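Engineer: In the working numbering, the protein residues as written are 6 to 269. We put the beta carbon where it would ideally sit given N, CA and C, even for glycine. Given the structure is predicted, the values throughout are model-derived calculations rather than measurements.
The following block contains the structure:
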């Protein structure tokens, strides 16, 4: 929970608390003790006959901040100025960060931070460095506890957060397939083909953000499967791996070709 005020133009997650003839009072979920008003003219385009047709008490809504008057404690919000895509994205981010807060609490409960302030200090440090607490957990899974210690987080806390992150977070991934046909006329042609496949798999070691596996389908066909966090990375690894295998084959008077197929 942030103690400061939201900025004008910011998209905020709110809970509708009270419906009035002139608008809806809401609680800002990410700002401690802050409430705002969605004037009836900002609920939707056109005339509103019944507010309950658009908002209900207890409903989570995403609003755009129109004005902030910190001295008077007023926050004016708009519901109609938020597009459907923005709403879905913002709600997803909010849910992810709520989940990450629980993970951080779980991780630090065993190491017993000295105070609530210590917990907030670590949370703020991770959010500032990685954009959000959830992003910080993603980075910990990708790169290890060094993602925390490099920020000055104590070793015992870093180890605890890393353990919880690995146990609870599954990184999004894509999978692509590539196929090789390899032949080699040399007496030790089989060994040369194995060497070519090992060269392809060696690319996996250089690209730690992806996993690559070579599978035998039946001579002369072989399958390469790449799993990565995004298509760009997967394509890069697959391309480099196929080139490495074909280079070995060509150097040994062999023949080879690469073709591919993708699926989600």
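1) Between which residues of its own chain and residue 5 is the CB-CB distance below 6 Å, once the five residues before and five after are set aside?
2) Three-state secondary structure (DSSP) at residue 188?
3) Consult DSSP for residue 55 and reduce its assignment to one of helix, strand or coil.
4) Looking at the structure shown, is residue 255 part of a helix, part of a strand, or coil, going by DSSP?
5) Taking 7 Å as the limit between beta carbons, can you name the residues of its chain near residue 271, skipping five residues before and five after?
6) Would residue 155 be called buried (16 or more neighbouring beta carbons within 10 Å of its own) or exposed?
7) On a CA-only basis, which of 195, 246, 197 and 41 is nearest residue 205? Give me that one, please.
8) Between the alpha carbons of residue 148 and residue 99, how many angstroms are there, rounded?
9) So who's on the other strand from residue 19, going by DSSP bridges?
10) Determine the burial state of residue 221: buried for a count of at least 16 other Cβ atoms within 10 Å of its Cβ, exposed for fewer.
11) Using 8 Å as the threshold, is the C-beta distance between residue 109 and residue 128 below it?
12) For a cutoff of 8 Å on Cβ pairs, would you count residue 265 as touching chain D?
13) Let's test the definition: count the other Cβ atoms within 10 Å of the Cβ of residue 74 and tell me whether it reaches 16, buried, or not, exposed.
14) Going by Cα to Cα distance, which pick from 262, 102, 180 and 193 is closest to residue 239?
15) Helix, strand or coil for residue 193, going by three-state DSSP, please let me know.
16) Mind the definition here: the region 151-167 touches the region 186-193 only if three or more C-beta pairs lie below 8 Å; say whether that holds.
Structural biologist: Answer, in terms of the structure:
1) Examination of residue 5 is not possible in this model, given that the chain is present from 6 through 269 alone.
2) strand
3) coil
4) helix
5) The requested residue 271 is not part of the displayed model; the chain covers only 6 to 269.
6) exposed
7) 246
8) 24 Å
9) 33 and 66
10) exposed
11) yes
12) The structure shown contains no chain D; it holds only a single protein chain.
13) exposed
14) 180
15) coil
16) no
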